[in-house]
Amino acid sequence: MQTINFFKISRFFIFIAPLAVAIVTPSTLFPFIVGKYVWFRTAVDLALIFFLLGLAFQDKLSVVGGQLLAALKSPLAVTVSIFVFIFILAGFFGVDPANSFWSNFERGEGGLQIIHLWLFFLLMTVLFREEKDWKKLFWFSIIGAVLMIFYGIAAGLGMPGYIGGAFGSEGFRFSGSIGNPAYVATYLIFAMFYAGYLLMARDGKKIISGGSLGIIGLIIFFFIFFWLAATRGGFMGLVLGVVLGGCYFAYSHKTWRKRPFAAVAVFAAMVVAMIYFKDTALVKSLPGSRIFDISFSATTWEHRTYMWKIAWDGFKERPLLGWGPENYINIFDQHFNIKYFKPTEGFGAWFDRAHSVYFDYLAETGILGLISYLAIFAAFYWQLFRNNKISPISGALLVAIPIAYLVQGLVLFEVLPLYLNLFLFLSFANYKLKNHEQ
Numbered sequence: 021m022q023t024i025n026f027f028k029i030s031r032f033f034i035f036i037a038p039l040a041v042a043i044v045t046p047s048t049l050f051p052f053i054v055g056k057y058v059w060f061r062t063a064v065d066l067a068l069i070f071f072l073l074g075l076a077f078q079d080k081l082s083v084v085g086g087q088l089l090a091a092l093k094s095p096l097a098v099t100v101s102i103f104v105f106i107f108i109l110a111g112f113f114g115v116d117p118a119n120s121f122w123s124n125f126e127r128g129e130g131g132l133q134i135i136h137l138w139l140f141f142l143l144m145t146v147l148f149r150e151e152k153d154w155k156k157l158f159w160f161s162i163i164g165a166v167l168m169i170f171y172g173i174a175a176g177l178g179m180p181g182y183i184g185g186a187f188g189s190e191g192f193r194f195s196g197s198i199g200n201p202a203y204v205a206t207y208l209i210f211a212m213f214y215a216g217y218l219l220m221a222r223d224g225k226k227i228i229s230g231g232s233l234g235i236i237g238l239i240i241f242f243f244i245f246f247w248l249a250a251t252r253g254g255f256m257g258l259v260l261g262v263v264l265g266g267c268y269f270a271y272s273h274k275t276w277r278k279r280p281f282a283a284v285a286v287f288a289a290m291v292v293a294m295i296y297f298k299d300t301a302l303v304k305s306l307p308g309s310r311i312f313d314i315s316f317s318a319t320t321w322e323h324r325t326y327m328w329k330i331a332w333d334g335f336k337e338r339p340l341l342g343w344g345p346e347n348y349i350n351i352f353d354q355h356f357n358i359k360y361f362k363p364t365e366g367f368g369a370w371f372d373r374a375h376s377v378y379f380d381y382l383a384e385t386g387i388l389g390l391i392s393y394l395a396i397f398a399a400f401y402w403q404l405f406r407n408n409k410i411s412p413i414s415g416a417l418l419v420a421i422p423i424a425y426l427v428q429g430l431v432l433f434e435v436l437p438l439y440l441n442l443f444l445f446l447s448f449a450n451y452k453l454k455n456h457e458q
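Residue numbers (my numbering): 21 to 458.
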């Protein structure tokens with residue numbers, strides 16, 4: 021009789037967790053949110069259950085325990101765990117511990133969510149110890165991205181039962197099954213990374229082959245809808261990620277540095293030119309041209325500065341651990357800026373978030389929370405730059421993604437589709453960097 025491989029079942033549930041992005045539940049109050057976190061948490065819970073069953077019945081406690089301890093010794097894993105601990109601690113000592121832990125139906129974030137993300141990170145760290153596991157997970161993530169786009173296409177075509185703006189409508193921006201174009205852009209940056217890594221890792225196979233051309237087609241497909249999301253934060257993140265990743269590649273490729281540096285310079289010059297000439301008829305005629313409208317005088321920028329000032333005032337009252345995750349609304353109420361209300365426009369949006377990852381963490385988890393969050397990326401780059409065994413192209417991809425994420429985070433806040441990909445990337449980076457140190 022064949023014994024059940026509980027670890028294999030656990031891996032299966034980790035594989036399907038990224039498909040959460042495609043879930044939309046019209047019967048719920050927040051159709052683009054509730055189904056996603058229910059799917060993700062259920063997948064992680066089941067993965068954990070079967071992982072524990074594997075430890076209990078497959079006599080691998082000492083082996084797996086040793087692997088977990090070894091993986092957790094890396095600076096990246098340590099900083100991720102410290103961040104999660106401070107996040108939970110800030111909620112416990114915040115103004116509304118229950119809300120910090122359970123959150124609400126509209127957001128679904130909070131302590132319970134961050135614990136599931138941490139478990140997701142740990143399970144990947146222990147269970148995915150071979151390159152083929154990560155490639156398979158990347159394919160599942162790509163499938164999730166494709167399904168997300170197909171949902172948005174169906175909504176854009178006006179198909180019954182699909183929620184979203186119609187193609188060609190005034191001010192249309194592609195929102196897919198995420199429901200917000202701002203997050204579609206960042207999500208697709210991760211999808212392009214997964215596809216790019218799979219292309220790079222094709223074991224020396226020719227670029228002119230069916231498989232390689234298919235992956236290149238996927239990257240182009242993702243970029244088209246990234247562009248249609250017309251998100252300035254995501255666009256600037258991608259640009260800076262490509263520029264700095266390209267610089268890393270050029271510097272690492274000692275035999276021919278001039279060409280990559282020249283390509284990066286040309287790319288950067290083209291972007292600067294498009295931003296400079298953003299008001300010309302030619303640029304305005306381009307689909308998604310709003311991404312070139314980088315201006316500190318825009319209404320959205322004005323609203324953000326109000327929210328950041330409110331967050332800063334809240335931070336000064338509780339500087340160490342903040343008000344607790346999910347409690348920005350309390351800061352908003354207490355430090356409301358009257359400029360935020362205009363009789364002709366009403367209130368601006370985002371009253372429960374500062375609309376900046378950095379100000380959100382600063383106000384809700386204090387200086388300890390923000391430092392622990394930034395320490396994750398400091399540990400990542402420290403490990404990467406001291407590793408001389410990573411190939412130039414792999415290193416360039418690894419450099420680019422956190423840069424893109426940190427830049428878009430200046431003007432956006434965390435949501436599950438982005439959090440999920442961030443923790444997935446961090447676990448993969450932990451594997452990749454440790455594997456090349458051995």
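For glycine and all other residues, C-beta sits at the position ideal for the given N, C-alpha and C. As the structure is a computational prediction, the values presented were derived from the model and not from experiment.
- CA-CA distance, Glu346 and Tyr271? 42 Å
Margin query: Please classify Ile235 as buried or exposed, where buried requires at least 16 other C-beta atoms within 10 Å of its C-beta.
Written below: buried
Checking 8 Å against the spacing of the C-beta atoms, do Val84 and Phe141 come in under that value? No, these two residues do not count as a Cβ contact at 8 Å.
Proximity to Asp353 [Cα-Cα], best of Lys359, Pro339 and Ile330: Ile330
*Residue nearest to Ile34 in terms of C-alpha spacing, selected from Leu208, Leu89 and Leu68*: Leu68
Discussion item. Using a 10 Å radius around the Cβ and a threshold of 16 neighbouring Cβ atoms, would you call Met21 buried or exposed?
Written reply: With a pLDDT of 38 at Met21, under the threshold of 50, the modelled position of that residue is not reliable, and the figure given next carries that caveat. Flag for Met21 reads exposed.
Just to confirm, is the Cβ distance from Phe121 to Gly128 under 8 Å?
no
For the alpha helix (DSSP H) that contains Leu260, what are its first and last residues? Per DSSP, Leu260 belongs to the alpha helix (DSSP H) from Arg252 to Ser272.
query = Is Val83 helix, strand or coil when you go by DSSP?
reply = Here Val83 sits in helix by DSSP.
- Item | Inter-residue Cα distance where the pair is Leu132 and Leu417 | CA-CA distance, Leu132 to Leu417, rounds to 31 Å.
I need the straight-line Cα distance from Gln458 to Lys359, nearest angstrom please.
Confidence at Gln458 is low in this model, with a pLDDT of 47, below 50, so its placement is unreliable and the value that follows should be read with caution. Approximately 57 Å, taken between the alpha carbons.
**Prompt:** Under the rule that 16 or more other beta-carbon atoms within 10 Å means buried, what is Thr325, buried or exposed?
**Reply:** exposed
| request: Taking 8 Å as the cut-off, decide whether the C-beta atoms of Gly261 and Ile421 are in contact. | output: With contacts defined as CB atoms closer than 8 Å, Gly261 and Ile421 qualify as a contacting pair.
With DSSP collapsed to three states, give me the class of Val204. For Val204, the three-state secondary structure derived from DSSP is helix.
Compute the Euclidean distance between the alpha carbons of Ala165 and Leu442, then round it to the nearest angstrom. 15 Å
task = Rounded to whole angstroms, what's the CA-CA distance from His389 to Ala118? Just pull it up for me.
result = In the sequence under discussion, the amino acid at residue 389 is Gly, which differs from the His named in the question. Distance between the alpha carbons of Gly389 and Ala118 is about 19 Å.
C-alpha gap between Asn450 and Phe400, whole angstroms: 8 Å
Looking at the secondary structure, which residues open and close the alpha helix (DSSP H) in which Pro51 lies?
Neither: Pro51 is in no alpha helix (DSSP H) and is coded neither H nor E.
- From what residue to what residue does the alpha helix (DSSP H) around Glu151 run? Glu151 to Gly176
Run the CB neighbour count on Ser189, radius 10 Å, all protein chains shown included, and call it buried at 16 or more, exposed below. exposed
Next on the checklist: Quick check on DSSP: helix, strand or coil for Trp321?
Outcome noted: helix
Around the C-beta of Phe26, are 16 or more other C-beta atoms found within 10 angstroms, so that it is buried, or is it exposed? buried
Which runs of the alpha helix (DSSP H) fall wholly inside the region 378–441 and span at least 4 residues, in chain order?
-> Within the region 378–441, the complete alpha helix (DSSP H) runs of at least 4 residues are 412–428.
Would Gly86 be called buried (16 or more neighbouring beta carbons within 10 Å of its own) or exposed? exposed
Met437 classed as buried or exposed, judged by whether at least 16 other C-beta atoms fall within 10 angstroms: It is worth fixing the name first, because residue 437 is Pro in this sequence and not Met. Buried: at least 16 other Cβ atoms inside 10 Å.
Exposure of Gly237, with buried meaning 16 or more beta-carbon neighbours within 10 Å: exposed
Beta-carbon proximity of Met168 to Gly196, cut-off 8 Å: yes
- Message: Spatial neighbours of Gly216 within its chain, please: C-beta separation below 7 Å, excluding the five flanking residues on both sides.
- Response: Only Ile239 and Leu417 meet the Cβ criterion.
If you drop the 5 nearest sequence neighbours on each side, which residues of the same chain put their C-beta closer than 6 Å to that of Gly114?
Ser120, Trp343, Gly344 and Asn347
inquiry  = So, at 8 Å on beta carbons, what are the nonlocal neighbours of Leu96 in its own chain, with the 5 sequence-adjacent residues on each side left out?
reply    = Ile396, Ala399, Phe400, Gln403, Leu446, Ala449, Asn450 and Leu453
* Report yes if the C-beta distance between Ile391 and Leu340 is below 8 Å; otherwise report no. => no
Determine, using beta carbons only, whether His355 and Asp372 come nearer to each other than 8 Å. no
Give the secondary structure of Thr99 by DSSP, where H, G and I count as helix, E and B as strand, and everything else as coil. helix
- prompt: What residue from Tyr57, Ser123 and Gly429 has the CA that sits closest to Val377's CA?
  reply: Checking every option, the nearest Cα to that of Val377 belongs to Gly429.
Handout entry: Spatial neighbours of Leu160 in its chain, beta-carbon cut-off 7 Å, leaving aside the 5 residues before and after
Key = The question names Leu, but residue 160 is Phe in the sequence shown. Answer for Phe160: Phe35, Ile36, Pro38 and Leu39, listed in chain order.
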